[in-house]
Every structure is written in structure tokens, then in C-alpha cells.
Ligand SMILES: Cc1cc2nc3c(=O)[nH]c(=O)nc-3n(C[C@H](O)[C@H](O)[C@H](O)COP(=O)(O)OP(=O)(O)OC[C@H]3O[C@@H](n4cnc5c(N)ncnc54)[C@H](O)[C@@H]3O)c2cc1C
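Residue numbers (my numbering): 2 to 283.
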């Protein structure tokens, strides 16, 4: 999995599958369930700390499902479409409202699951419908955005085992040149502030209400602190980066250390934003 996650961390897996349609994805999930094969669902692997140990099961990647269509002010995208590709399709169609998401390196499915967001925007604010497969009831369901319980880095899908198949975004007409400028500005801000030169899974910790987590970590003197190949970025304290050869064990030890330090300093327990294998299992 090291070559399939942005953290560049993870052991071997028995089967990797790249279904190219919702039907193929559902068939794969059903097959694994019938055969008792452990099955994990991964989008772009950009918010994921996979395990070091071998995984004797099947990892289903949605990256083969990447159709994007535009209909008036509505953009529909398959779960595996890259979020930035959706932003580009919207811009080219003269549709604004998603520029903030440009540069988030996830898939539509992962972005809906996490309610990905940046610069005061969240994808949940733009989602009007999500279609998913409920593997327990063996049915495909479409829910309106208001039933997705979008919150800070969470949605109804973070709480239940569902296979997001596609999502619908409602946008508004705008000048493509204005949208392009906004997208480029957001991307430039990312490049300036984030340690994009090293593998990571983005912000390692969630915001704690009333605090900027990265600032707390910085104030605790943890910038640059390392465990094995894992390091609290010295560019942005909210990121844990893989400086080379980091293992999941290194990252977990570092996360635990940072949490303890922040508790000792501020009396609060910060929570990881990064997902693990357990979150991917269906
Ligand atoms: C450099 C960098 C910058 C980042 N910046 C941001 C940022 O600004 N804002 C932000 O919110 N995040 C950011 N992230 C984190 C990450 O990109 C987002 O959380 C993204 O939405 C994750 O999408 P993914 O497809 O990579 O999900 P994955 O990492 O593949 O999976 C994450 C979780 O979503 C689940 N999932 C994935 N696809 C589906 C599906 N189809 N159905 C059901 N569940 C699914 C997985 O099972 C897993 O539990 C950043 C990451 C990096 C590396």
C-alpha cells in the first residue's frame, strides 16, 4: 500500500481491485462478503495511514470510476473522480463555488466521507445528493445533501459502512477567468504553507474547538520532532510527514506523543484526522 497512499506507508495486500463502474464495485463487495474476504474501500489514499502488517484481504480502489458530467449548474461525479478534476470541469463550464477545494488531493467519495474542506469552504455545502450502496441491505440509495449530516470533517458516511458511488454538486454561474484566478490563489497558498515536498496524509489532527491545532503543536516545541522516519513538519506543525522509510508504527507513536504533550500543555486531547484501515473496512 506504500505506493497507493500519499503517506507512502503500508504493507502488502492480498488483492487490489480497480472497478470501473458502480455495478463492478458492488459486484466486488458482494463477492468478498459471500466468500468471507475482508474488504476495504479506498479513494485516493490521501487521508490514510495504512498498516505495516500484510492485509489478507481485498482493497477496492474507486479510482477507475471517474466520470464527471455537467448539466446546467449541477455537476455529477463518480466516487473515484479526483476532486481537483471536478473543480476544473466546473470552472470550464463557468460554474463557481468549488474553487476552495482545488488542490485537495482526494477523490469525490473520500471528500464526501470526510466532508473535506479548506479556506472556509466544505464540500458538504455544495452537495445536493449522494448515491451510495448499502451492502447490508443490498440496495442503492440516493439521499439529499441535507440528510448527509455534514459536520467538521465528518458526514453520515463516516459513521456507517456505505459505499459512496457518486455525488451531485450544485454550483452557480461565474466567469471562468475569475474562478481560475481563485483556484490558482488557493493552490499557491497550499504550496507556500504546506510541506508538499514530503509524503503525508494532510493535516494529522482535527481542529479542537477554539484552538488552532498546528499553533498548539508549534508552541509545544514539536516542530521537527521525529520518531523513526515520521516527523512533525518543520514547515507546518499540523502535518506529519514521511521523511523516508516511515512506518505506520512510527506515525502512531508520534501521534500519541503529540497528543500527550498537548494534553500536558493545554489540558485538551486533540484527535487525529487521519483515517486507518479500520475506517476503510466494509
Ligand atoms: C497534501 C495534502 C493536503 C490535504 N489538504 C486537505 C484539505 O485542505 N482539506 C481536507 O479536508 N483534507 C485535506 N487532505 C486530506 C485528504 O485529501 C482529504 O480528506 C480527502 O477528502 C480524502 O479523500 P481520499 O479519496 O484520498 O480518501 P481516502 O484517504 O482514500 O479514504 C479516506 C476515508 O474515506 C473512505 N472512502 C473513500 N472513498 C469512499 C467511498 N467511495 N465510499 C465510502 N467511503 C470512502 C475510506 O474508506 C477512508 O475511511 C489533504 C491531504 C494531503 C496529502
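Note that beta-carbon positions come from the ideal geometry of N, C-alpha and C, so glycine has one too.
So, for residue i: in the same chain, excluding its five sequence neighbours on each side, which residues have a beta-carbon less than 7 angstroms away from its beta-carbon?
{"i": "residue 219", "result": "238"}
{"i": "residue 183", "result": "100"}
In angstroms with no decimal places, state the Cα-to-Cα distance between residue i and residue j.
{"i": "residue 72", "j": "residue 104", "result": "24 angstroms"}
{"i": "residue 106", "j": "residue 6", "result": "11 angstroms"}
{"i": "residue 276", "j": "residue 205", "result": "9 angstroms"}
{"i": "residue 259", "j": "residue 152", "result": "25 angstroms"}
{"i": "residue 188", "j": "residue 15", "result": "37 angstroms"}
{"i": "residue 95", "j": "residue 176", "result": "6 angstroms"}
{"i": "residue 144", "j": "residue 66", "result": "20 angstroms"}
{"i": "residue 226", "j": "residue 11", "result": "22 angstroms"}
{"i": "residue 33", "j": "residue 162", "result": "15 angstroms"}
Could you pull the DSSP bridge partners for residue i from this structure?
{"i": "residue 106", "result": "Bridge partners of residue 106: none, in fact."}
{"i": "residue 118", "result": "123"}
{"i": "residue 63", "result": "The partner list for residue 63 (beta bridge, DSSP) is empty, contrary to what the question assumes."}
{"i": "residue 165", "result": "133"}
Would DSSP call residue i helix, strand or coil?
{"i": "residue 101", "result": "helix"}
{"i": "residue 85", "result": "helix"}
{"i": "residue 253", "result": "helix"}
{"i": "residue 241", "result": "strand"}
{"i": "residue 92", "result": "helix"}
{"i": "residue 195", "result": "coil"}
{"i": "residue 72", "result": "strand"}
Going by C-alpha to C-alpha distance, which of the options sits closest to residue i?
{"i": "residue 109", "options": "255, 69, 254, 74", "result": "69"}
{"i": "residue 75", "options": "90, 257, 274", "result": "90"}
{"i": "residue 209", "options": "270, 262, 157, 266", "result": "270"}
Beta-carbon within less than 8 angstroms of residue i's beta-carbon, same chain only, minus the 5 sequence neighbours each way: which residues are those?
{"i": "residue 141", "result": "23, 27, 132, 133, 134, 135, 166"}
{"i": "residue 251", "result": "228, 229, 230, 231"}
Which same chain residues, not among the five before or five after residue i, have their C-beta less than 6 angstroms away from its C-beta?
{"i": "residue 112", "result": "84, 124"}
{"i": "residue 62", "result": "19, 43"}
{"i": "residue 13", "result": "55"}
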